[in-house]
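Residue 236 in the UniProt record's numbering is what sits at position 236 of the sequence shown, and the numbering runs on without skipping anything.
Working notes, structure below.
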Amino acid sequence: MTPAKTRPTVLIYWNPELQFKQLPPQSIGDFITIGPTAINALRRWPSIATALDKVAYKPDIWYHKQDGELVAGPMPPHPNFGRMISRPALHQALWHALEAENVDIRCNTKVKRYWETEDEGGVELENGNMLRADMVIAADGIHSKSWTLVSGKEPEIYPSGLAMFRAAFPIEHALADPSLRAKWTPTAERDKMGFFLSPTSFGIILFGQNTASWVWQHNENPETSTESWAATLSPEDALKQLVAEGHWGTDLRALIATTPQNHIVDWRLMRRELKREWGSPKGRLMQIGDAAHPYLPTTVNGGTQAIEDGVSLARCLRLAIDKHGSSALTGGAKVHNLLRIDRVAAIETTGMERTKKHRQVDFEQVKKNPELIRNEPAQWQIEHDPLAYAEERFDECFACLANGKPFVNTNKPEGYVFAP
1 MTPAKTRPTV LIYWNPELQF KQLPPQSIGD FITIGPTAIN ALRRWPSIAT ALDKVAYKPD
61 IWYHKQDGEL VAGPMPPHPN FGRMISRPAL HQALWHALEA ENVDIRCNTK VKRYWETEDE
121 GGVELENGNM LRADMVIAAD GIHSKSWTLV SGKEPEIYPS GLAMFRAAFP IEHALADPSL
181 RAKWTPTAER DKMGFFLSPT SFGIILFGQN TASWVWQHNE NPETSTESWA ATLSPEDALK
241 QLVAEGHWGT DLRALIATTP QNHIVDWRLM RRELKREWGS PKGRLMQIGD AAHPYLPTTV
301 NGGTQAIEDG VSLARCLRLA IDKHGSSALT GGAKVHNLLR IDRVAAIETT GMERTKKHRQ
361 VDFEQVKKNP ELIRNEPAQW QIEHDPLAYA EERFDECFAC LANGKPFVNT NKPEGYVFAP
């Protein structure tokens with residue numbers, strides 16, 4: 001790609017773990033929660049909204065203690081919860097939307113390095129090819145190679161000490177177990193979901209129309225925990241670790257036992273200190289999603305904030321060009337960075353607080369008032385509109401950056417201050 005004179009070009013590099021030569025296969029990944037802010041943003045593209053409505057889970061939820069004792073449910077998801085969607089279905093919906101817009105998608109290409117000049121940014125691929133554009137967007141995850149360009153060094157990535165078993169497979173395997181079939185067979189209208197909560201961990205089981213899924217968070221195992229969708233372990237090994245970390249509910253253990261071989265991933269949960277700046281020195285590269293601000297899965301916000309990033313950045317780039325000309329493209333990216341940093345930092349902090357609170361729930365009180373079991377985001381978090389916020393605050397933020405004046409975000413809890 002070469003820089004255009006009248007219409008700036010954008011090059012996006014994403015997800016190096018999934019290097020496909022064709023449409024991503026249906027067997028990779030379990031499920032992901034997309035919050036209301038991201039769902040509402042995607043509704044601006046009717047084809048995506050329609051596709052996601054078709055594939056989103058519609059679960060009734062049962063909450064249990066670790067040992068399987070039922071404490072609440074069935075309950076529908078809270079309105080603030082968002083939508084649960086299978087990862088492959090989400091990828092497919094976004095993929096088809098990009099194809100419909102005639103976006104040039106190149107698969108099976110790995111970046112060797114990012115680079116920039118005053119006039120353009122680009123990537124050098126491992127096959128030696130060079131791609132150039134007016135703006136490069138690095139959306140390639142927590143291990144993004146873009147940090148060498150952004151800050152001159154790779155930030156420290158360190159283990160959280162935790163990992164998460166994840167699996168998704170055809171539901172007929174799960175329903176072959178009589179106990180699971182009797183209790184967890186979904187109806188034509190509703191899927192079924194179960195939470196198992198302990199003071200230090202949790203497990204989730206999900207029975208959709210065609211797919212059964214489960215996840216279980218546990219202490220990291222150096223022999224099995226990795227950051228790869230390709231490395232799998234057997235149901236027997238997963239059950240062995242489950243039993244070693246306490247007595248878990250029969251239904252969770254039964255679902256693990258029905259999982260086919262080569263379907264369980266032990267995903268290692270890594271952390272990285274949040275950085276304030278996500279752009280390169282000359283402004284020709286901007287990070288988004290986990291490349292900029294990785295979240296632990298327990299915050300239930302990584303996918304949501306990545307989509308918010310995309311909406312915000314796209315709008316800021318367009319506003320910069322429309323208001324100040326193509327030379328302001330890099331300024332638009334800086335506006336996006338400043339508009340987003342406080343919000344993503346606050347969500348990381350409050351997400352960890354919500355997780356801690358959920359694990360310390362008083363089950364006896366929950367039996368009296370089931371609503372206490374819910375662990376939903378606050379109103380300030382779900383009422384945000386990243387596109388509208390970019391439009392409303394762009395001029396002020398652009399001027400503050402140009403004049404070296406402070407800018408105060410309003411898309412965060414009142415009084416919150418990000419302190420890296």
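Backbone N, C-alpha and C define an ideal beta-carbon position, used for all residues, glycine too.
Taking all protein chains shown into account, do 16 or more other C-beta atoms lie within 10 angstroms of the C-beta of residue i, making it buried, or fewer, making it exposed?
i           : result
Asp290      : buried
Leu255      : buried
Met193      : buried
Lys21       : Because Lys21 carries a pLDDT of 37, less than 50, the predicted location of this residue cannot be relied on, and the following value inherits that uncertainty. Exposed, since its Cβ has fewer than 16 Cβ neighbours within 10 Å.
residue 440 : Any question about residue 440 goes unanswered here, given that the chain covers just 1 to 420.
Glu69       : exposed
Thr187      : exposed
Lys240      : exposed
Pro235      : buried
DSSP state of residue i, grouped into three classes?
i      : result
Trp45  : coil
Asn40  : helix
Gly128 : coil
His384 : coil
Ser151 : helix
Thr50  : helix
Ser228 : coil
Ser280 : coil
Trp184 : helix
Trp216 : strand
Gly68  : coil
Asp237 : helix
Lys357 : helix
Phe165 : strand
Gln365 : helix
Gln261 : coil
Ala100 : helix
Val417 : coil
Which residues does DSSP list as the beta-bridge partners of residue i?
i      : result
Arg271 : Tyr158
Asp134 : Answer is none; Asp134 lacks a bridge partner.
Gly194 : Trp62 and Ile205
Pro170 : Thr211
Ser86  : Phe31
Val123 : Tyr114 and Leu131
Gln287 : Ala138
Ser75  : In the sequence as presented, Ser is not what sits at residue 75; that position holds Met. Answer is Ile61.
Taking the alpha-carbon of residue i as reference, which of the options has the nearest alpha-carbon?
i      : options                           : result
Val265 : Arg272, Asp237, Glu273 and Ser326 : Asp237
Phe394 : Pro420, Gly332 and Thr410         : Gly332
Gln217 : Leu252, Ala188, Lys183 and Met286 : Leu252
Leu338 : His358, Ala188 and Gly279         : Gly279
Thr410 : Glu156, Pro155, Pro386 and Ser213 : Pro386
Lys367 : Trp248, Leu285, Pro170 and Ala72  : Ala72
Phe202 : Gly208, Asn219, Ala188 and Gln209 : Asn219
Glu126 : Asp119, Arg113 and Ala138         : Arg113
Thr298 : Gly283, Val243 and Arg359         : Arg359
Asp134 : Ala402, Glu396, Gln305 and Thr330 : Thr330
Following a CB-centred definition, is residue i positioned closer than 6 Å to any heavy atom of the ligand FMN?
i      : result
Ser225 : Absent from the structure shown: the ligand FMN. Ligands present: none.
**Message:** Please give me, in chain order, every unbroken run of the alpha helix (DSSP H) with length at least 4 that falls completely inside the segment 293-332.
**Reply:** 302-324
**Continuous alpha helix (DSSP H) assignments of at least 4 residues falling wholly in the segment 367-414** = 379-382 and 386-403
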